[in-house]
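Peer 1: Below are the structure tokens for one structure; questions will follow.
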Amino acid sequence: MPHSQDTSSLLENLRMELRRGSLILAVLAGLRSEQYGYTLRKILSDLGMEIEEGTLYPLLRRLETQGLLLSEWREADKRNKRFYKLSPLGAEVLEKLLAEWKAIDSSLNQIVKG
Amino acid sequence: MPPLDRYLSNLAKLLPADQREDILRELSEDIHSEIDDKQSELGRPLTAAEQLELLKRRGNPLQVAAGYTDNKGTLAFGPQIIGPVLFPFYVRVLTFNLGLTFLIVGAIFAAISLAGQPIHFADLFSSVILQLFLQLTAVTLIFALVEKHLSRQPHDWSKEDFEKNLKAAMQSRIEKKIQSGPKEVSRFDSMAVLVAGSVALLWLQSLWTNQYLLFGPAASLISLAPIWRVVYLPTVFIMLVAIFRAGINIARPDWVRFRDVVSVILDAASLAIVYTLMFAHTWVVPADTAASTSQHIASVVNQWAPYSIFASAVIALAQAIHDLIRLYKNWRWHSAPQATSR
Numbered sequence: 098m099p100h101s102q103d104t105s106s107l108l109e110n111l112r113m114e115l116r117r118g119s120l121i122l123a124v125l126a127g128l129r130s131e132q133y134g135y136t137l138r139k140i141l142s143d144l145g146m147e148i149e150e151g152t153l154y155p156l157l158r159r160l161e162t163q164g165l166l167l168s169e170w171r172e173a174d175k176r177n178k179r180f181y182k183l184s185p186l187g188a189e190v191l192e193k194l195l196a197e198w199k200a201i202d203s204s205l206n207q208i209v210k211g
Numbered sequence: 443m444p445p446l447d448r449y450l451s452n453l454a455k456l457l458p459a460d461q462r463e464d465i466l467r468e469l470s471e472d473i474h475s476e477i478d479d480k481q482s483e484l485g486r487p488l489t490a491a492e493q494l495e496l497l498k499r500r501g502n503p504l505q506v507a508a509g510y511t512d513n514k515g516t517l518a519f520g521p522q523i524i525g526p527v528l529f530p531f532y533v534r535v536l537t538f539n540l541g542l543t544f545l546i547v548g549a550i551f552a553a554i555s556l557a558g559q560p561i562h563f564a565d566l567f568s569s570v571i572l573q574l575f576l577q578l579t580a581v582t583l584i585f586a587l588v589e590k591h592l593s594r595q596p597h598d599w600s601k602e603d604f605e606k607n608l609k610a611a612m613q614s615r616i617e618k619k620i621q622s623g624p625k626e627v628s629r630f631d632s633m634a635v636l637v638a639g640s641v642a643l644l645w646l647q648s649l650w651t652n653q654y655l656l657f658g659p660a661a662s663l664i665s666l667a668p669i670w671r672v673v674y675l676p677t678v679f680i681m682l683v684a685i686f687r688a689g690i691n692i693a694r695p696d697w698v699r700f701r702d703v704v705s706v707i708l709d710a711a712s713l714a715i716v717y718t719l720m721f722a723h724t725w726v727v728p729a730d731t732a733a734s735t736s737q738h739i740a741s742v743v744n745q746w747a748p749y750s751i752f753a754s755a756v757i758a759l760a761q762a763i764h765d766l767i768r769l770y771k772n773w774r775w776h777s778a779p780q781a782t783s784r
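Top to bottom, those sequences are chains A and B.
Going by the working numbering, the first sequence runs without a break in its numbering and finishes at 211.
Going by the working numbering, the second sequence runs without a break in its numbering and finishes at 784.
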């Protein structure tokens, strides 16, 4: 029988894996309106989707490279900030991913209910 | 340097060069936004300790940088041994080391083959496997230690602790240096030079009458070229001075500077001899000028001799640099005001 510390560590790993898949969806959805990194992180955090800076910024870069996001440096509150928003391709992909998410959610609900 | 600048500077060294500026700019902005947020929440500026805490919470630079590194691989046997940031350097160093090693192994076997000796596949294979194992183990161990150090250090990273530890380490190093100073010349080393020098001198004396001592059975086919007569007396002189120096240092091991100065002078003289030999072109001549075998062997030896002389030059140069550094260090120690030592 696994030790309780092993169990909590295993649970944490599984939880992280589960969240990792949803993060992309959360970030894309969060960027339907233009945000810079810090405000996006706060919005997601306020809605219960904590994301570390070390995860968010590399992810934003990756999504931009894939053509799903657009970014530009602009001055706001007397400082230069990089603003991100969904690209047309990103909006299209987001819709498809949300449909997929809903389908998974519905299936899972049925499976869990037995 | 302010904590934030230092954090970003540590991070900068680990980021991919083509994105470095952009990433730093964005992260710097994010950190400033968070600081502003906290300050307006508290209604006062953040203290240095609070800023440090905020930076620590963001994780060590190695982990942060790893997020921006393309998946270039990691090395893990269970736990991760070398992370994605160091892995590309690890591969580069390993490739270079293995390439160089195999080049040397290849050159050695080529030389053996050119000398007409048979090469067995088992010998070649075992040499390659042995070198592969040694290089892989050594390089992996070094990189694993660096990874461990880098991963651990930034977690403990704090400006005050860092400065305190640095000062303590420097102080202890200085005190250690002051207390130890240059050691006396080891009597054992002096005795070794005396014995080895005397034996070498006797060997050198006998060489002219009996070249078998150098060439073995090939002495009937080849003999030393005239250039060796040119360097003979200076070589004997160098040996005599080295023996004399060792004799003096057996009696006076505290004459460290005497040993240092004489060693540097002898190094310079040895380099001059090696330099003379390098441009001689002919180092052995056929013992029997009429015999074609003698001529062939002399020609082969003359083709390979420059490599040995070049290797001797490298060793002599390294020794000279070592002795010069030793002279400089000991000289500085003697010149330093001794009042600070106690």
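We treat Cβ as the ideally placed atom computed from N, Cα and C, and that holds for glycine.
Keep in mind that this is a model prediction, so the values were computed, not measured.
Nearest to B:Ala-729 by alpha carbon, out of B:Arg-768, B:Gln-653 and B:Asp-696?
Peer 2: Of the listed residues, the one whose Cα sits closest to B:Ala-729 is B:Gln-653.
Peer 1: Can you tell me where the beta strand (DSSP E) with B:Ser-665 in it begins and where it stops?
Peer 2: Unbroken beta strand (DSSP E) run through B:Ser-665: 664-666.
Peer 1: Where B:Ala-714 and B:Leu-666 are concerned, what is the direct C-alpha to C-alpha distance, given to the nearest angstrom?
Peer 2: Rounded to whole angstroms, B:Ala-714 to B:Leu-666 spans 19 Å at the Cα level.
Peer 1: Let me check understanding here. Comparing Cα to Cα, which of B:Ala-758, B:Thr-651, B:Leu-644 and B:Pro-445 lies closest to B:Ala-490?
Peer 2: Ranking the options by Cα distance to B:Ala-490, first place goes to B:Pro-445.
Peer 1: Taking CB distances under 9 Å as the criterion, tell me whether B:His-562 reaches chain A.
Peer 2: Chain A contact via Cβ: absent.
Peer 1: With a cut-off of 9 Å, does the C-beta of A:Arg-117 fall near any C-beta of chain B?
Peer 2: Not an interface residue.
Peer 1: Starting from A:Ser-168 and walking both ways along the alpha helix (DSSP H), at which residues does that stretch end?
Peer 2: From DSSP, A:Ser-168 is part of no alpha helix (DSSP H) but of the beta strand (DSSP E) over 166-173.
Peer 1: Let me see if you follow: with CB-CB separation under 9 Å, is A:Arg-138 close to chain B or not?
Peer 2: For A:Arg-138, the answer is yes, since a Cβ of chain B falls inside 9 Å of its Cβ.
Peer 1: For a contact meaning CB atoms closer than 8 Å, what does B:Val-635 contact in chain A?
Peer 2: Correct list: empty, because the minimum Cβ distance to chain A is about 60 Å.
Peer 1: Which class does A:Asn-177 belong to by DSSP, given the choice of helix, strand or coil?
Peer 2: Note: A:Asn-177 maps to strand in three-state DSSP.
Peer 1: State buried or exposed for B:Glu-602, treating a residue as buried only when at least 16 other CB atoms are found within 10 Å of its CB.
Peer 2: Note that B:Glu-602 has pLDDT 49, beneath the 50 cutoff, so the model's placement of it is unreliable and no number is given.
Peer 1: Check the C-beta distance from A:Leu-165 over to A:Ser-184 and give it rounded, since I have them as a contact under 8 Å.
Peer 2: Yes, they are in contact, since the Cβ atoms of A:Leu-165 and A:Ser-184 sit about 6 Å apart, within 8 Å.
Peer 1: State the Cα-Cα distance for the pair B:Phe-752 and B:Ala-758, rounded to the nearest angstrom.
Peer 2: Rounded to the nearest angstrom, the two C-alpha atoms are 10 Å apart.
Peer 1: So which residues on chain A does B:Tyr-396 lean against when the C-beta distance must stay under 8 Å?
Peer 2: Examination of residue 396 of chain B is not possible in this model, given that chain B is present from 443 through 784 alone.
Peer 1: I'd like to know if A:Asn-110 contacts chain B, where contact means its C-beta is closer than 9 Å to some C-beta of that chain.
Peer 2: Not closer than 9 Å to any Cβ of chain B, the Cβ of A:Asn-110 fails to qualify, so no.
Peer 1: Should A:Arg-171 be flagged as near chain B, meaning a C-beta pair shorter than 9 Å?
Peer 2: Judged by the 9 Å Cβ criterion, A:Arg-171 is not in contact with chain B.
Peer 1: Closest Cβ-Cβ distance between A:Gly-164 and chain B: below 9 Å?
Peer 2: No, because no Cβ of chain B sits closer than 9 Å to the Cβ of A:Gly-164.
Peer 1: Going by C-alpha to C-alpha distance, which of B:Arg-534, B:Val-672, B:Ile-546 and B:Val-588 sits closest to B:Gln-573?
Peer 2: Of the listed residues, the one whose Cα sits closest to B:Gln-573 is B:Ile-546.
Peer 1: Using the DSSP secondary-structure output, state which residues sit across from A:Gln-132 in a beta bridge.
Peer 2: DSSP, once it has assigned bridges, lists A:Tyr-181 as partnering A:Gln-132.
Peer 1: State the DSSP-derived secondary structure class of B:Pro-530, mapped to helix, strand or coil.
Peer 2: Of the three classes helix, strand and coil, the one that applies to B:Pro-530 here is helix, per DSSP.
Peer 1: Apart from the five residues just before and just after B:Ala-722, which ones in its own chain have a Cβ nearer than 6 Å to its Cβ?
Peer 2: Excluding residues within five positions, the ones whose Cβ falls inside 6 Å are Ile-669.
Peer 1: What does a CB cutoff of less than 7 Å around B:Asn-744 pick up in its chain, not counting 5 residues either side in sequence?
Peer 2: Thr-724, Trp-725 and Val-726.
Peer 1: Determine the chain A residues that contact B:Gln-745 at a beta-carbon separation under 7 Å, and present them in chain order.
Peer 2: In chain order: nothing, as chain A lies at least about 57 Å away.
Peer 1: Name the chain A residues whose beta carbon is nearer than 7 Å to that of B:His-474?
Peer 2: Residues of chain A passing the Cβ test: Arg-176.
Peer 1: Report the rounded CA-to-CA distance for B:Ser-470 versus B:Glu-589, giving the unit in angstroms.
Peer 2: Cα to Cα, B:Ser-470 sits roughly 25 Å from B:Glu-589.
Peer 1: Out of curiosity, what's the CA-to-CA distance linking B:His-738 and B:Leu-663?
Peer 2: Approximately 10 Å between the Cα atoms of the pair.
Peer 1: Since I believe B:Pro-503 is in contact with B:Leu-456 (beta carbons under 8 Å), could you give me their beta-carbon distance rounded to a whole number of angstroms?
Peer 2: About 6 Å separates the two Cβ atoms, so the contact holds.
Peer 1: Alpha carbons only, please: which of A:Ser-119, A:Asp-174 and A:Leu-186 is nearest the one belonging to A:Glu-161?
Peer 2: Ranking A:Ser-119, A:Asp-174 and A:Leu-186 by Cα distance to A:Glu-161 puts A:Leu-186 first.
Peer 1: Within 10 Å of its beta-carbon, does A:Asn-110 have 16 or more other beta-carbons around it, so buried, or fewer, so exposed?
Peer 2: With fewer than 16 other Cβ atoms within 10 Å, it is exposed.
Peer 1: So, does the CB of B:Gln-505 fall closer than 9 Å to a CB anywhere in chain A?
Peer 2: Yes, B:Gln-505 lies at the interface with chain A (some Cβ there is under 9 Å from its Cβ).
Peer 1: Beta-carbon of A:Gly-151 versus every beta-carbon of chain B: anything under 9 Å?
Peer 2: With 9 Å as the cut-off, A:Gly-151 counts as an interface residue toward chain B.
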